[in-house]
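Heads up: the sequence shown at position 215 corresponds to 220 in the numbering used here, and the numbers run straight through without jumps.
Just so you know, even glycine gets a beta-carbon here, dropped at the ideal spot from N, CA and C.
Only a predicted model underlies this, so the values are computations on that prediction, with no experimental measurement involved.
Structure first, commentary second.
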Amino acid sequence: MAGSPTKQDLTWKSVQELAINGDKPPARYIFCDGDGEQIDGFPPLFPVPVIDVSLITSSTSQSSKEDEELEKLQSALSSCGCFQAVGHGISSSFLDKVREVSKLFFELPTEEKQKYSRAVDELEGYGTDQVLSERQILDWSDRMFLGVHPEDQRKLKLWPENPGAFREVLHEFTAKIKFISEILLKAMARSLKLEENCFLNQFGEQSTMIARFNYYPHCARPDLVLGVKPHADGSGITILLQDREVEGLQLLQNDRWVRVPIIPDALFVNVGDQVQIMSNGIFKSPVHRVVTNSEKERITLAVFYMPQKEKEIGPEDGLIDEKRPRLFKKVKNYADIYFQYYQAGKRPIDAAKI
Ligand code: OGA
Ligand code: NI
């Protein structure tokens with residue numbers, strides 16, 4: 006007979022542990038695709054536009070090459086809402102180091118990882134989907150979720166000390182990602198003929214950056230289970246370091262799922278809802294999902310760059326005119342709105358539509 010519940014009873018099982026026996030995943034992980042369709046792990050590959058960041062870093066040189074690249078950027082973000090960034094200045098060996106510490110962390114024994122567990126009602130730390138209802142379909146993934154910016158708000162006790170290089174590598178990587186994000190946000194503004202700091206000003210001095218390490222164990226039923234359910238990101242922009250070898254990310258394009266290719270040293274960048282709002286809907290926050298793989302695990306690192314929490318954001322005035330009326334209200338604390346809508350199964354950006 007079971008005794009009275011203790012705190013211990015609440016300890017969760019990681020997907021990594023569930024995957025070990027190779028059995029069919031438990032019912033709460035089975036995702037029914039709309040009308041019961043199975044999940045297609047290999048739809049067509051989508052030629053995600055490739056942007057060379059080194060060509061769009063300066064606002065003064067104004068070479069024709071830069072203009073061309075800015076046009077490509079504008080067109081990518083207003084159609085599929087994403088691109089593969091090359092020429093970003095982070096070395097291939099450093100990207101591999103980031104992948105290596107991520108892998109070493111997830112390979113630690115359960116007890117070691119659980120030292121960094123997310124508290125039940127918190128976002129940050131090591132864990133799985135937050136379970137809010139019995140009917141919720143769960144993602145086939147474990148995560149490590151850590152706020153990295155503003156620096157004085159880091160919860161360092163949740164930052165792994167094992168592997169030894171984890172903290173330092175994460176610090177260095179996210180500093181580089183912040184630098185690149187700022188270049189990109191300026192270029193995005195210039196590509197729309199706006200003052201280059203306008204988006205960054207909306208992000209504010211205390212902009213937020215969150216790192217999410219995603220671990221997708223192999224899964225016995227990739228036809229029934231998703232690594233991450235369909236969603237658009239609630240960020241301003243998201244920069245994703247993909248696994249070097251294992252694919253899994255898919256985008257919804259014209260109502261069909263397509264595969265995102267791997268370019269080993271490229272960073273996959275996508276618009277989040279908040280930049281869709283700031284751009285008055287010109288830039289699109291794409292719906293995406295992650296499929297699982299029956300043989301291989303997959304590890305990615307998503308970095309979400311977002312405006313300062315309490316700051317009101319809204320469409321840039323320069324993007325509103327008679328031909329293109331204002332599409333979104335001003336909003337603040339979008340992350341909270343996002344969470345409520347997402348949990349209710351609604352598209353969060355609808356909350357900001359006029
Ligand atoms: C995310 C996400 C994609 C991936 O973390 O929001 O969409 O490939 N991740 O891990
Ligand atoms: Ni996402």
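Secondary structure of residue i, DSSP reduced to three states
{"i": "Cys203", "result": "helix"}
{"i": "Tyr343", "result": "helix"}
{"i": "Val295", "result": "strand"}
{"i": "Glu42", "result": "strand"}
{"i": "Leu332", "result": "coil"}
{"i": "Arg264", "result": "strand"}
{"i": "Val251", "result": "coil"}
{"i": "Phe36", "result": "coil"}
{"i": "Gln258", "result": "strand"}
{"i": "Ala322", "result": "According to the sequence displayed, residue 322 carries Asp and not Ala. Helix, per DSSP."}
{"i": "Thr115", "result": "helix"}
{"i": "Gln281", "result": "helix"}
{"i": "Gln13", "result": "Caution applies to Gln13, whose pLDDT of 33 falls short of 50 and renders its modelled position unreliable; the value that the coordinates give is listed next. Looking at Gln13 - three-state DSSP - the assignment turns out to be helix."}
{"i": "Thr179", "result": "helix"}
{"i": "Ala7", "result": "Note that Ala7 scores 41 on pLDDT, short of 50, meaning its location in the model is unreliable and no value can be drawn from it."}
{"i": "Ser63", "result": "coil"}
{"i": "Gln21", "result": "helix"}
{"i": "Ile360", "result": "This structure cannot speak to residue 360, because the chain is shown only from 6 to 359."}
{"i": "Val58", "result": "helix"}
{"i": "Arg217", "result": "strand"}
{"i": "Asp147", "result": "strand"}
{"i": "Phe288", "result": "coil"}
Inter-residue spacing [alpha-carbon to alpha-carbon] between residue i and residue j
{"i": "Ile318", "j": "Pro330", "result": "17 Å"}
{"i": "Leu256", "j": "Leu175", "result": "27 Å"}
{"i": "Ala24", "j": "Ser69", "result": "52 Å"}
{"i": "Gln21", "j": "Ser146", "result": "8 Å"}
{"i": "Glu76", "j": "Lys120", "result": "47 Å"}
{"i": "Ser96", "j": "Glu327", "result": "46 Å"}
{"i": "Arg148", "j": "Lys108", "result": "12 Å"}
{"i": "Lys351", "j": "Tyr343", "result": "9 Å"}
{"i": "Lys12", "j": "Asp126", "result": "Caution applies to Lys12, whose pLDDT of 39 falls short of 50 and renders its modelled position unreliable; the value that the coordinates give is listed next. In a straight line, the C-alpha of Lys12 is about 14 Å away from that of Asp126."}
{"i": "Lys118", "j": "Asn285", "result": "42 Å"}
{"i": "Leu163", "j": "Ser19", "result": "17 Å"}
{"i": "Lys337", "j": "Arg104", "result": "34 Å"}
{"i": "Ser186", "j": "Val230", "result": "32 Å"}
{"i": "Pro155", "j": "Ile359", "result": "31 Å"}
{"i": "Glu177", "j": "Cys37", "result": "40 Å"}
Distance cut-off 7 Å: residue i Cβ against heavy atoms of ligand 2
{"i": "Ala307", "result": "yes"}
{"i": "Asp238", "result": "yes"}
{"i": "Thr243", "result": "yes"}
{"i": "His293", "result": "yes"}
Beta-bridge partners of residue i, as assigned by DSSP
{"i": "His236", "result": "His293"}
{"i": "Lys358", "result": "Phe333"}
{"i": "Cys87", "result": "Asn275"}
Distance cut-off 7 Å: residue i Cβ against heavy atoms of ligand 1
{"i": "Leu254", "result": "yes"}
{"i": "Arg217", "result": "yes"}
{"i": "Val233", "result": "yes"}
{"i": "Gln135", "result": "no"}
{"i": "Gln79", "result": "no"}
**OP:** Inspect the CB distances between the region 232 to 251 and the region 269 to 277 and report whether three or more fall short of 8 Å.
**Re:** By the Cβ test, the region 232 to 251 is in contact with the region 269 to 277, since at least three Cβ pairs between them sit closer than 8 Å.
**OP:** Mind the definition here: the region 135 to 143 touches the region 78 to 86 only if three or more C-beta pairs lie below 8 Å; say whether that holds.
**Re:** Output reads no: the region 78 to 86 does not touch the region 135 to 143.
**OP:** Specify whether the region 256 to 266 and the region 41 to 57 touch according to this definition: at least 3 beta carbon pairs, one from each stretch, less than 8 Å apart.
**Re:** At 8 Å Cβ cutoff, the stretches touch.
Original post:
So, do the region 211 to 220 and the region 25 to 33 have three or more beta carbon pairs nearer to each other than 8 Å?
Top reply: In short, these stretches do not touch, since the Cβ pair count stays below three.
**OP:** Answer yes if the region 288 to 298 comes into contact with the region 109 to 116, meaning at least three C-beta pairs across the two stretches below 8 Å, and no otherwise.
**Re:** Touching, no, given that fewer than three Cβ pairs across the two stretches are closer than 8 Å.
Original post:
Any contact of the region 129 to 136 with the region 190 to 209, i.e. 3+ C-beta pairs under 8 Å?
Top reply: Below 8 Å, too few C-beta pairs join the region 129 to 136 and the region 190 to 209 to call them touching: fewer than three.
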